[in-house]
Ligand code: GLA
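Residue numbers (this note's numbering): 99 to 482.
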């Protein structure tokens with residue numbers, strides 16, 4: 099059964115009624131621009147064809163009841179739980195967080211019954227959390243007839259995650275999931291939230307993006323993410339700028355000379371050079387030179403591995419094996435410490451590269467990776 103039908107079937111079975119509608123939101127990968135979003139910088143993600151679907155209908159009791167195929171038991175919460183961050187936890191916190199963010203923004207959020215089904219794997223760094231937040235947000239906005247232009251959705255969904263769930267993430271994931279467009283990568287300025295849809299015609303170039311799920315368990319990902327963010331903010335303060343976005347690559351050496359420890363210097367170098375790599379990638383894509391972006395992807399990986407120190411051996415193994423098998427470029431995508439790698443490959447050699455990575459894993463005694471070729475898909479939408 100496809101994901102939309104699973105959401106409907108779950109809704110019927112759980113609530114004995116028909117949903118009023120179904121809303122779908124995708125996962126995402128980030129082509130390039132990692133740990134730049136919370137530094138007010140640039141990112142270039144795209145939405146995936148894997149989606150989370152929410153079937154929903156209004157509930158007169160003013161409560162929210164959520165069932166997910168991940169869990170037998172539905173979670174029920176009322177306004178008092180939604181108004182106090184932390185009261186709802188686990189996967190349902192992303193739902194309660196959206197209700198919280200909407201209420202905090204002054205909206206009269208309708209009670210609802212929801213059923214969630216998803217093809218976005220959880221814990222793989224493909225933003226299953228942004229997908230559920232965005233699908234639920236779309237459902238509640240429609241069911242309640244709320245006056246909330248889509249341009250404001252990413253910030254609101256991010257607030258759900260930052261302030262209710264308690265993860266200090268940036269605005270990239272929600273932006274990609276909400277604003278993504280088929281056949282395009284989303285060039286986002288995280289300071290101004292201005293976006294440009296950049297044509298990313300893999301098919302036309304005879305290329306494919308292979309996504310490799312490292313299956314590495316996320317080790318200390320939350321604490322390390324928060325530590326990276328703090329270290330960037332401290333460095334910006336030392337340098338007297340609002341955010342590391344304000345350090346131009348041409349001024350990097352001078353900026354590094356003003357920092358007194360090597361670790362901070364490496365963190366700053368990653369962010370500043372990564373912002374420039376996003377701009378360079380966008381310039382190449384605008385010129386139709388998709389294949390030539392490969393070296394920038396690989397350079398981004400080296401920077402995450404050596405300077406930002408957010409990769410793990412499984413991830414580095416996947417990147418090295420993909421490159422050795424002929425990928426034009428490869429890098430970890432997402433927050434780090436596990437998750438996925440993406441590789442830019444000839445469409446005709448995607449299977450061979452996937453097999454080479456799987457072999458390398460076996461030789462190193464690692465759990466077999468997951469592999470999938472993807473094209474940029476559209477963002478959140480109402481299905482019916
Ligand atoms: C996670 C966060 C994003 C971003 C990336 C790293 O995906 O949710 O906001 O910071 O890590 O680029």
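The beta-carbon is built from N, C-alpha and C at its ideal position, and this holds for glycine as well.
Closer than 7 Å to chain C by CB, residue i
| i | result |
| --- | --- |
| residue 287 | The structure shown contains no chain C; it holds only a single protein chain. |
Run of the alpha helix (DSSP H) containing residue i, from where it starts to where it stops
| i | result |
| --- | --- |
| residue 399 | 392-404 |
| residue 411 | 411-422 |
| residue 425 | Segment: none, residue 425 is in no alpha helix (DSSP H) and carries neither H nor E. |
| residue 368 | 360-384 |
| residue 195 | 190-202 |
| residue 456 | 448-461 |
Coarse secondary structure for residue i, derived from DSSP in three states
| i | result |
| --- | --- |
| residue 252 | helix |
| residue 215 | strand |
| residue 177 | helix |
| residue 267 | coil |
| residue 109 | helix |
| residue 436 | coil |
| residue 387 | coil |
| residue 239 | helix |
| residue 356 | coil |
| residue 279 | coil |
| residue 220 | coil |
| residue 314 | coil |
| residue 104 | helix |
| residue 487 | Because residue 487 is not part of the residues shown, which for the chain are 99 to 482, the question remains open. |
| residue 89 | Because residue 89 is not part of the residues shown, which for the chain are 99 to 482, the question remains open. |
| residue 443 | strand |
| residue 115 | coil |
| residue 341 | coil |
Range covered by the beta strand (DSSP E) that runs through residue i
| i | result |
| --- | --- |
| residue 294 | 293-297 |
| residue 335 | It is not in any beta strand (DSSP E) - residue 335 instead sits in the alpha helix (DSSP H) that spans 319-337. |
| residue 310 | 305-311 |
| residue 125 | 119-128 |
| residue 282 | 282-287 |
| residue 162 | 162-166 |
| residue 472 | 468-472 |
| residue 148 | 143-156 |
Cβ neighbours of residue i in the same chain (closer than 8 Å, five flanking residues each side left out)
| i | result |
| --- | --- |
| residue 347 | 370, 371, 373, 374 |
| residue 450 | 423, 424 |
| residue 396 | 417, 421, 427, 428, 429 |
| residue 365 | 326, 329, 330, 333, 405, 406 |
| residue 482 | 119, 120 |
Close-in-space but distant-in-sequence residues of the same chain around residue i (CB under 7 Å, 5 per side omitted)
| i | result |
| --- | --- |
| residue 445 | 304, 305, 306 |
| residue 141 | 128, 131, 134, 135, 270, 286, 288, 376 |
| residue 227 | 192, 259 |
| residue 105 | 120, 151, 152, 153, 213, 214, 215 |
Nonlocal neighbours in the same chain, by C-beta distance under 6 Å from residue i, ignoring five residues either side
| i | result |
| --- | --- |
| residue 465 | 313 |
| residue 323 | 433 |
| residue 212 | 152, 154, 164 |
| residue 185 | 179 |
| residue 390 | 382 |
| residue 341 | 137, 138, 334 |
Heavy atom of ligand 2 within 6 Å of residue i beta-carbon
| i | result |
| --- | --- |
| residue 426 | This structure simply doesn't include ligand 2; it includes ligand 1 instead. |
Beta carbon nearer than 5 Å to a non-hydrogen atom of ligand 1:
Residues flagged by the Cβ proximity filter: 132, 133, 135, 267, 268, 270, 271, 432, 433.
Is there contact between the stretch 269-278 and the stretch 130-147, where contact requires at least three CB pairs shorter than 8 Å?
With a cut-off of 8 Å, the stretch 130-147 and the stretch 269-278 count as touching, because enough Cβ pairs lie within range.
So does the stretch 124-133 actually touch the stretch 219-226, counting three or more Cβ pairs closer than 8 Å?
In short, these stretches touch, since the Cβ pair count reaches three.
For the stretch 411-427 and the stretch 438-453, state whether three or more C-beta atom pairs, one from each stretch, are separated by less than 8 Å.
Three or more pairs of CB atoms, one per stretch, sit closer than 8 Å, so the stretch 411-427 contacts the stretch 438-453.
Please determine if the stretch 285-296 and the stretch 153-163 are in contact, where contact requires at least 3 C-beta pairs separated by less than 8 Å.
Under the 8 Å Cβ criterion, the stretch 285-296 does not count as touching the stretch 153-163, having fewer than three qualifying pairs.
Using 8 Å as the threshold, is the stretch 255-266 in touch with the stretch 142-152, meaning 3 or more CB pairs across them?
No, because fewer than three Cβ pairs between the stretch 255-266 and the stretch 142-152 fall closer than 8 Å, the two stretches do not touch.
Can at least three beta-carbon pairs, one atom from the stretch 455-470 and one from the stretch 324-337, be found at a separation below 8 Å?
No, because fewer than three Cβ pairs between the stretch 455-470 and the stretch 324-337 fall closer than 8 Å, the two stretches do not touch.
On the three-pair Cβ rule with 8 Å, is the stretch 188-200 touching the stretch 230-243?
The stretch 188-200 vs the stretch 230-243: in contact.
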